[in-house]
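Just below is one structure, and these are the notes that go with it.
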Amino acid sequence: MIFSKYLFFILSFIAIYAALKVLISKKPMHSVLYLTLAFFAIGGHYILLNAQFLAVVHIIVYAGAIMVLFIYTVMLLNLNIQGEFPKTRLTAIASAIAGGLLLTVLIAVFRTYDLKMAADPSLNQIGLVKNLGKVLFEEYYLPFELSSILFLAAMVGAVMLGKKDIY
Amino acid sequence: MQNLNIIPIDYYIFFCSALFAIGVVGVLVKRNALVIFMSIELMLNSANLLLAAFSAYRNDPAGQIFVFFIMVVAAAEVAIGLALLVMIYRSTNTIDINVLNKLKW
């Protein structure tokens, strides 16, 4: 079981490195690819939590659908010709300080709690498809159906926004 | 934490806080609207992961169902958001947020 701890640190390192590279990269395409790497690392975290259903959904939705959308948009927008966006050094420093303060506050708040956890995630079975399917289709049936309507509305909206002559 | 072999929940909290802070910095630093959008996705993912972690550690499936619904909403949000970005680019030829400041003040 010490192995899962090493795996946690490796995955965390990959995710944070990729997230930092999203910010550092000059070209939007590199940012998208690093973001994909971060998403895969987070998917590994889901597997580590024994949430297999979420891991699969996460890979399909984020690494599959959303990343393709992002890459298509980067290609459509043709950003590389236009050149990079110059930014002032002052803004970068101020933003880094603000983010660091946020991180400090979050950690300081969470450290004060003594969190007692009931279950060992590597042993429990709640993240498996069978159990989650039962909960989803018994208790959360209505929200599930409503989310399909949301998808339909989003699809119609995206198609309508993409049309050329709606102004 | 009677069992020393399992990963403490604190690790997940620190990791997700770091990821969230990186996302916040990205929103503040970047001027490209597309990269800002990616940073928002990063923040959303860190919150999702923490929700799933708490759900797994408390043996409560409702949290993971919530993560599933958040992913659904995020997918719809990305579709609409990217359509909006493409439309803005088509009408103004830029997605630099310092140019798109008509609604700022």
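Chains A and B, in that order, give the protein sequences. The first sequence begins at 1096 in my numbering and counts up one residue at a time. The second sequence begins at 6 in my numbering and counts up one residue at a time. The beta-carbon is built from N, C-alpha and C at its ideal position, and this holds for glycine as well. Since the structure is predicted, the reported quantities are computational estimates derived from the model, not experimental observations.
- Message: Using 8 Å as the cut-off, can you tell me whether the stretch 1161 to 1175 of chain A makes contact with the stretch 16 to 35 of chain B, which would need three or more C-beta pairs spanning the two stretches below that distance?
- Response: no
- Query: Is Phe-1134/A close to chain B, meaning its C-beta is less than 9 Å from at least one C-beta of that chain?
  - Reply: yes
- Quick one: what's Asn-1226/A bridged to in DSSP? Note: Asn-1226/A sits in no beta bridge, so no partner.
- Item | Collapsed DSSP secondary structure at Asp-15/B in the structure displayed | helix
- Backbone CA spacing between Gly-28/B and Ala-1114/A [nearest angstrom]: 8 Å
- Message: Tell me which residue opens and which closes the alpha helix (DSSP H) that Lys-1116/A is part of.
- Response: 1097 to 1119
- Item | Contacts of Phe-1246/A in chain B (Cβ-Cβ under 8 Å) | Val-77, Ala-80, Ala-81
- Coil, strand or helix - Asn-98/B by DSSP: coil
- Message: Let me see if you follow: with CB-CB separation under 9 Å, is Asp-1215/A close to chain B or not?
- Response: yes
- Determine the direct distance from the alpha carbon of Asp-101/B to that of Met-92/B, and round the result to whole angstroms. 14 Å
- How would you call Gln-7/B, buried or exposed, if buried means at least 16 neighbouring beta carbons within 10 angstroms? Here the model assigns Gln-7/B a pLDDT of 46, short of 50, so the residue's position is not dependable, and the following value carries that caveat. Exposed, by the Cβ-count rule.
- Enumerate in chain order the residues of its own chain whose CB-to-CB distance from Leu-1227/A is below 6 Å, with the five nearest sequence positions on each side excluded. Phe-1148
- Query: Apart from the five residues on each side of it in sequence, which residues of its chain come closer than 6 Å, Cβ to Cβ, to Ile-75/B?
  - Reply: Asn-53
- Item | Element boundaries [alpha helix (DSSP H), containing Arg-63/B] | 38 to 63
- Query: Between the beta-carbon of Phe-1165/A and the beta-carbon of Phe-42/B, is there less than 9 Å?
  - Reply: yes
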